[in-house]
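Note sheet for the following structure.
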Amino acid sequence: VIPLGSAFVAQPGTGFHLSTLAQMPSVGGAAGLPLVSSLLLDRTEEPIPLIEATASDLWPSFGVYSDQAEGPPVLSALIANLLPYALTSAASAVAVLLRLPAGVDIGAPRWSTVSWRVMAPTTYVWSFPVGRLFYRQLDVPGTTADLPVIRLPLAPRIEPLNRLDFNGLDKDPLGWQVGETYGFRAGIQVPAETVRHAVNEWVVEWGFDRADLAGRALAAVAPGQEVRTLHSFQFWSVGSSIQGDGTELLFQFGTVTEVPPLVGALLIEAPAGFIFEPACVPFAPRTEYHPYLELPVGVDCVSTEGISYGAAADAGQQPLVTVRPVDGNLPPGMWSFVIACFLPTSSFGPQSFVLRSFKSLGSQVVDEIADVGATAQGLRIG
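Counting the sequence shown from 1 gives a position; the working numbering is that position plus 1015.
And the structure:
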């Protein structure tokens, strides 16, 4: 049963949309499924926006449009580097392609001086200097025509920063044409992790600022990519939690980028006092923990004492466990394994483990990150 703030009105087009995420939600998003309504569908005084970028719209947006996108994709978006901006300190290049579907009546009044916008997934930030939004066919691979604009928008300076608006008064007189593929390239800041409290998708809307259905031309969505960050990381003891005892630690996590054999690795940084065998042997959990699966490849495991990755040279020593695939790539997915260890001999509060992922670790002058690491806290020792 889904409680509603007001009753639905019996009119054509009334409805709602429920979305679930393929990956595990964050702690804050695990309370339940969000209910989102669309363009004037719920007839409430304060319609619920589909995404945060539409919250300040004068008219509720994204839902029913005059032309329905069918057949080949209308919108596609591809980001070149999905490492977070917090790590790279540079905007990543994104290419957005647009193609009007067959059957669209571009001679209709709604396509005259139509304003349109492209919204990246929530928490992304458009970031490019003046003159660095490329829209001509020669500059955007995959296009067949220049984007029909005579003036380009600037990167947004105020919220929502993931929304890029194109004013219909700045449209080229030739206008949009069915059968042509348009597009643009620009810079965008990748967030710290994949959005999991909202729908991870791109949205394009033509006629978003018009109050009636007759003026709303077309809308389409495209799936967003996964940010290269380890996610859904957690661990716990499946045995004892008494100081000095032997136990087994269950690690669960999600990867976005594959880890190659022999040179790639997963690196576990454990708190001081944990003792692992030098040649530790990860093994599959004795119980299934859906959606986590056992590792699909054989691995080699080595435990050493060292400094936390990236820490200062005078930082204290701590246990480091390196897990390397040996007979194939560890693909993106949700994985789990168990490693035996001895707990610290003194009482501790909650312990934090750090998990890192590398395409290359220790085999080159500079290690190559696969996914940005994650931290999990838990396991009180008494």
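For glycine and all other residues, C-beta sits at the position ideal for the given N, C-alpha and C. Note that the structure is a prediction, hence the values are computed from the model and not measured.
Nearest neighbour of residue i, chosen from the options [CA to CA]
{"i": "Ser-1081", "options": "Pro-1188, Ile-1396 and Pro-1124", "result": "Pro-1124"}
{"i": "Phe-1149", "options": "Gly-1198, Phe-1181 and Ala-1235", "result": "Gly-1198"}
{"i": "Ala-1234", "options": "Trp-1217, Asp-1161, Gln-1240 and Glu-1208", "result": "Trp-1217"}
{"i": "Phe-1289", "options": "Ala-1280, Arg-1301, Thr-1159 and Gly-1259", "result": "Gly-1259"}
{"i": "Leu-1370", "options": "Ser-1323, Leu-1394 and Gln-1379", "result": "Ser-1323"}
{"i": "Pro-1279", "options": "Gly-1190, Ser-1318, Ile-1384 and Asn-1182", "result": "Just to set this straight, residue 1279 is Gly in the shown sequence, not Pro. The shortest Cα separation from Gly-1279 among Gly-1190, Ser-1318, Ile-1384 and Asn-1182 belongs to Ile-1384."}
{"i": "Pro-1156", "options": "Thr-1138, Pro-1175 and Ala-1108", "result": "Ala-1108"}
{"i": "Asp-1120", "options": "Val-1140, Leu-1153 and Trp-1191", "result": "Trp-1191"}
{"i": "Pro-1346", "options": "Gln-1333, Ser-1091, Pro-1334 and Lys-1374", "result": "Lys-1374"}
{"i": "Glu-1292", "options": "Leu-1277, Leu-1090 and Val-1317", "result": "Val-1317"}
{"i": "Ala-1287", "options": "Asn-1215, Gln-1333 and Ala-1326", "result": "Gln-1333"}
{"i": "Arg-1172", "options": "Arg-1147, Val-1193, Val-1140 and Ala-1160", "result": "Val-1140"}
{"i": "Trp-1350", "options": "Gln-1267, Ser-1127, Ser-1091 and Glu-1174", "result": "Gln-1267"}
{"i": "Gln-1204", "options": "Thr-1302, Thr-1159, Leu-1097 and Pro-1275", "result": "Leu-1097"}
{"i": "Thr-1360", "options": "Ile-1396, Arg-1339, Thr-1159 and Glu-1174", "result": "Ile-1396"}
{"i": "Trp-1126", "options": "Phe-1223, Ala-1092, Glu-1309 and Phe-1248", "result": "Phe-1223"}
{"i": "Thr-1158", "options": "Gly-1388, Tyr-1304, Ala-1092 and His-1212", "result": "Ala-1092"}
{"i": "Val-1138", "options": "Gly-1146, Asp-1154, His-1212 and Ser-1252", "result": "It is Thr, not Val, that sits at residue 1138 in the sequence shown. Selected option, being the one with the closest Cα: His-1212."}
{"i": "Arg-1339", "options": "Gly-1388, Pro-1238 and Val-1296", "result": "Val-1296"}
Contact check, residue i vs residue j, beta carbons under 8 Å
{"i": "Cys-1356", "j": "Leu-1264", "result": "yes"}
{"i": "Ser-1142", "j": "Ala-1106", "result": "yes"}
{"i": "Val-1341", "j": "Asp-1315", "result": "yes"}
{"i": "Asn-1344", "j": "Glu-1273", "result": "yes"}
{"i": "Leu-1282", "j": "Leu-1376", "result": "yes"}
{"i": "Asp-1180", "j": "Arg-1225", "result": "no"}
{"i": "Pro-1136", "j": "Val-1210", "result": "yes"}
{"i": "Leu-1394", "j": "Ser-1255", "result": "no"}
{"i": "Val-1214", "j": "Val-1242", "result": "no"}
{"i": "Gly-1230", "j": "Ser-1247", "result": "no"}
Rounded separation between residue i and residue j - CA only
{"i": "Pro-1168", "j": "Gly-1202", "result": "13 Å"}
{"i": "Asp-1386", "j": "Glu-1208", "result": "10 Å"}
{"i": "Arg-1166", "j": "Lys-1186", "result": "7 Å"}
{"i": "Glu-1195", "j": "Leu-1112", "result": "10 Å"}
{"i": "Ile-1115", "j": "Val-1381", "result": "Residue identity check: residue 1115 is Leu in the sequence provided, not Ile. Looking at the two C-alpha atoms, the distance is approximately 45 Å."}
{"i": "Gly-1348", "j": "Ala-1170", "result": "34 Å"}
{"i": "Ala-1110", "j": "Pro-1188", "result": "24 Å"}
{"i": "Leu-1176", "j": "Glu-1220", "result": "16 Å"}
{"i": "Val-1164", "j": "Gly-1331", "result": "58 Å"}
{"i": "Ser-1372", "j": "Gly-1183", "result": "46 Å"}
{"i": "Glu-1320", "j": "Ile-1257", "result": "23 Å"}
{"i": "Val-1129", "j": "Gln-1240", "result": "29 Å"}
{"i": "Thr-1262", "j": "Phe-1298", "result": "13 Å"}
{"i": "Leu-1056", "j": "Ser-1104", "result": "Reliability of the predicted coordinates at Leu-1056 is poor, the pLDDT of 35 falling under 50, and the value obtained from them is presented with this limitation in mind. Each residue's Cα considered, the two are about 41 Å apart."}
{"i": "Asp-1161", "j": "Arg-1151", "result": "4 Å"}
{"i": "Ala-1294", "j": "Leu-1277", "result": "16 Å"}
{"i": "Gly-1325", "j": "Leu-1335", "result": "13 Å"}
{"i": "Ser-1378", "j": "Ala-1232", "result": "55 Å"}
{"i": "Val-1312", "j": "Pro-1144", "result": "45 Å"}
{"i": "Gln-1392", "j": "Gln-1249", "result": "8 Å"}
{"i": "Arg-1301", "j": "Gly-1388", "result": "26 Å"}
Nearest-angstrom beta carbon gap, residue j and residue i [assumed within contact, 8 Å]
{"i": "Ser-1367", "j": "Thr-1390", "result": "6 Å"}
{"i": "Pro-1088", "j": "Pro-1206", "result": "Not a contact, Cβ separation roughly 24 Å."}
{"i": "Met-1134", "j": "Arg-1178", "result": "5 Å"}
{"i": "Val-1193", "j": "Ala-1095", "result": "Val-1193 to Ala-1095, Cβ: 29 Å. No contact."}
Sheet register partners of residue i (DSSP bridge)
{"i": "Thr-1390", "result": "Val-1369"}
{"i": "Arg-1132", "result": "Asp-1180 and Glu-1220"}
{"i": "Ala-1235", "result": "Val-1219"}
{"i": "Leu-1090", "result": "Leu-1113"}
{"i": "Cys-1316", "result": "Val-1338"}
{"i": "Ala-1355", "result": "Glu-1263"}
Contact test: residue i Cβ vs the ligand SAH heavy atom, cutoff 7 Å
{"i": "Val-1210", "result": "No copy of the ligand SAH appears in this structure; indeed no ligand is present at all."}
Any C-beta of chain D under 8 Å from that of residue i
{"i": "Phe-1373", "result": "Absent here is chain D; the protein component of the structure consists of one chain."}
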